[in-house]
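Colleague:
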Ligand SMILES: [Zn+2]
């Protein structure tokens, strides 16, 4: 593999006596940095961050497992967002030249424990050390997701991760529609959708996955058509079933994040308990007339739904959308925030709404955030909570009762 930094200096340069030539510069650089042989470097696998500073065409043909890939030309601008200064760094290129200069740069940026790998990836591979062929974006994907790739916090690796991410949406309604559309557009590779309703004309005031031609169709089928047209990269998995104690653990199994767009208390409690069992984070959203709320339930890290609401409010104080009405556009805002939080959770980006409840008032046009805490006495996630039993709940959400008929997963 050629090493692009190893090209000699312009021989026609006249001030050779004063300016250091390439070899001199390299020798001087090597005095300022640490170098490791591949054998020594391998001992640091798992402990140090391996940083590959070659070009994309070289990286695509093989790299050290779990290495962070930043081409040398983007090193200064991207490294601080992607490589922690608290861990040792082993930097490598093809032959050990570019990585020597990169190591010096890293030291100047404040990385304290940096080593360049002697002989580079070429020697690493020749010596039979572990390497993989990384999953990379196709040229079409690189174009489609270009605005993501430009963000150093996401980059190619983040986009690749999104394409491998599985998000389950409960409901293809008001909240599920914008969440699903933006998640599909963003390239979340698998979107599961649970909904057992058909498209109704009265849904179209807010449920933008559907349209007049689809009235009477199964909502999951309509959703799949819209999302696949938007982005064929996305595998849309449909569940045209009522979510119940008998199937919820199977359905949610294997998903990375759940976006909850349900509008009834029994399903929310059921989901809460099942997601604790499976330890899957839930992005919760709800809307009512002109107001919306979003929070993220990260199992055993932040509060769960039962910490916030140990029991549902009396039915007369909590009418559903169908009874109380909801302004169009509002679910678009709340569902979009849920989609955004799902991406943050999936990519471990920024500060998701764990332990915080975001409340939106459309009439006032205001957002407020409230701290919400884990309840040590929570019957589901508290210190002394017993084993979680997944059961059907009645409208009081007490275990071992039967879900009321007509409960839907649809705002
Ligand atoms: Zn709890």
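Numbering (this note's numbering), first residue to last: -13 to 397. Just so it is clear, CB atoms sit at the ideal spot from N, CA and C, and this is done for glycine as well. Quick caveat: nothing in here was measured; it's all calculated off a predicted structure.
By the DSSP assignment, the alpha helix (DSSP H) with residue 134 in it spans what residues?
Modeller: Unbroken alpha helix (DSSP H) run through residue 134: 132 to 135.
Colleague: Would a C-beta distance cut-off of 8 Å place residue 184 and residue 215 closer than the cut-off?
Modeller: Not in contact: residue 184 and residue 215 (Cβ atoms no closer than 8 Å).
Colleague: Pick from 223, 296 and 108: whose alpha carbon is nearest that of residue 156?
Modeller: Checked all of 223, 296 and 108; the closest Cα to residue 156 is 223.
Colleague: How many angstroms separate the CA atom of residue 34 from the CA atom of residue 128?
Modeller: Their Cα atoms are separated by approximately 29 Å.
Colleague: Please name the residue in 229, 20 and 194 whose C-alpha comes closest to that of residue 82.
Modeller: Checking every option, the nearest Cα to that of residue 82 belongs to 20.
Colleague: Mind listing, in chain order, the continuous alpha helix (DSSP H) runs of no fewer than 4 residues lying wholly within the region 312 to 360?
Modeller: Qualifying alpha helix (DSSP H) stretches, in chain order: 316 to 333.
Colleague: Where does residue 217 sit, in a helix, a strand or coil, going by DSSP?
Modeller: Residue 217: coil per DSSP, three-state reduction.
Colleague: Do you know how far the Cα of residue 144 is from the Cα of residue 58?
Modeller: Spanning the two alpha carbons is a distance of roughly 19 Å.
Colleague: Which class does residue 156 belong to by DSSP, given the choice of helix, strand or coil?
Modeller: In this structure, residue 156 counts as strand in the three-state DSSP scheme.
Colleague: Relative to the C-alpha of residue 302, which candidate in 43, 310 and 60 has its C-alpha closest?
Modeller: The candidate whose alpha carbon is nearest that of residue 302 is 310.
Colleague: Could you tell me whether the Cβ atoms of residue 198 and residue 294 are closer together than 8 Å?
Modeller: Not a contact, by the Cβ cut-off of 8 Å.
Colleague: Between the alpha carbons of residue 63 and residue 299, how many angstroms are there, rounded?
Modeller: So the alpha carbons of these two residues sit roughly 51 Å apart.
Colleague: Let's see if you can read the secondary structure: which residues bound the alpha helix (DSSP H) around residue 87?
Modeller: Note, residue 87: alpha helix (DSSP H), 84 to 94.
Colleague: Quick check: what's the CA-CA separation for residue 252 versus residue 133?
Modeller: Answer to the nearest angstrom: the Cα atoms are 40 Å apart.
Colleague: Thinking just about the alpha-carbon of each residue, which of 355, 314 and 23 is nearest to the one in residue 160?
Modeller: Comparing Cα positions, the closest option is 314.
Colleague: Report back the beta-carbon spacing between residue 317 and residue 228 to the nearest angstrom; my notes put them in contact at under 8 Å.
Modeller: No, residue 317 and residue 228 are not in contact; Cβ-Cβ is about 22 Å, not under 8 Å.
Colleague: Would you kindly check if the distance between the Cβ of residue 169 and the Cβ of residue 219 is under 8 Å?
Modeller: The answer is no: Cβ separation not under 8 Å.
Colleague: Tell me the DSSP secondary structure of residue 196 in three-state form.
Modeller: Three-state result, residue 196: coil.
Colleague: Between which two residues does the alpha helix (DSSP H) harbouring residue 67 extend?
Modeller: Unbroken alpha helix (DSSP H) run through residue 67: 61 to 68.
Colleague: Sorted by chain position, which residues of the same chain lie with C-beta nearer than 8 Å to residue 328's C-beta, five sequence neighbours on each side aside?
Modeller: Same-chain partners within the cutoff: 153, 165, 169, 174, 243, 245 and 269.
Colleague: Could you give the DSSP three-state label for residue 107: helix, strand or coil?
Modeller: Here residue 107 sits in helix by DSSP.
Colleague: Does the beta-carbon distance from residue 25 to residue 36 come in below 8 Å?
Modeller: No, the pair does not count as a contact, with Cβ atoms beyond the cut-off.
Colleague: How would you call residue 273, buried or exposed, if buried means at least 16 neighbouring beta carbons within 10 angstroms?
Modeller: So residue 273 ends up on the buried side.
Colleague: Does the count of Cβ pairs from the region 65 to 73 and the region 44 to 51 closer than 8 Å reach three?
Modeller: Taking 8 Å as the limit for Cβ pairs, the verdict is that the region 44 to 51 does not touch the region 65 to 73.
Colleague: Specify the secondary structure class of residue 434 as computed by DSSP and reduced to three states.
Modeller: Since the first residue of the chain shown is -13 and the last is 397, residue 434 is not available in this structure.
Colleague: Can you list, in chain order, the residues of its chain with a C-beta nearer than 7 Å to that of residue 371? Leave out the 5 residues immediately preceding and following it.
Modeller: Taken in chain order, the residues that qualify are 364 and 365.
Colleague: Spell out a yes or no on whether the region 73 to 82 and the region 135 to 144 are touching, meaning 3 or more CB-CB pairs, one atom from each, closer than 8 Å.
Modeller: Output reads no: the region 135 to 144 does not touch the region 73 to 82.
Colleague: In chain order, what residues place their C-beta within less than 7 Å of a heavy atom belonging to ligand 1?
Modeller: My final list is 289, 290, 292, 293, 360, 361, 364, 366, 367 and 368.
Colleague: Give me the Cα-Cα distance between residue 395 and residue 236, rounded to the nearest whole angstrom.
Modeller: The predicted model places residue 395 with a pLDDT of 40, which falls under 50 and marks its position as unreliable; any figure quoted below should be read in that light. Cα-Cα distance, rounded: 17 Å.
Colleague: Less than 8 Å between C-beta atoms, sequence neighbours within five positions excluded: which residues of the same chain meet that for residue 22?
Modeller: Cβ within range, chain order: 30, 76, 101, 102, 103 and 104.
Colleague: What are the start and end residues of the alpha helix (DSSP H) that includes residue 18?
Modeller: Here the alpha helix (DSSP H) through residue 18 covers 8 to 18.
Colleague: Quick one: is residue 354 buried, meaning 16 or more other Cβ sit within 10 Å of its Cβ, or exposed?
Modeller: Residue 354 is exposed by the Cβ-count criterion.
Colleague: From which residue to which residue does the beta strand (DSSP E) around residue 272 run?
Modeller: Element bounds for residue 272: 268 to 274.
Colleague: May I have the straight-line CA-CA distance separating residue 109 from residue 98, to the nearest angstrom?
Modeller: Distance between the alpha carbons of residue 109 and residue 98: 25 Å.
Colleague: From the DSSP output, in three-state form, read off residue 178 for me.
Modeller: The answer is strand: DSSP assigns residue 178 an E or B state.
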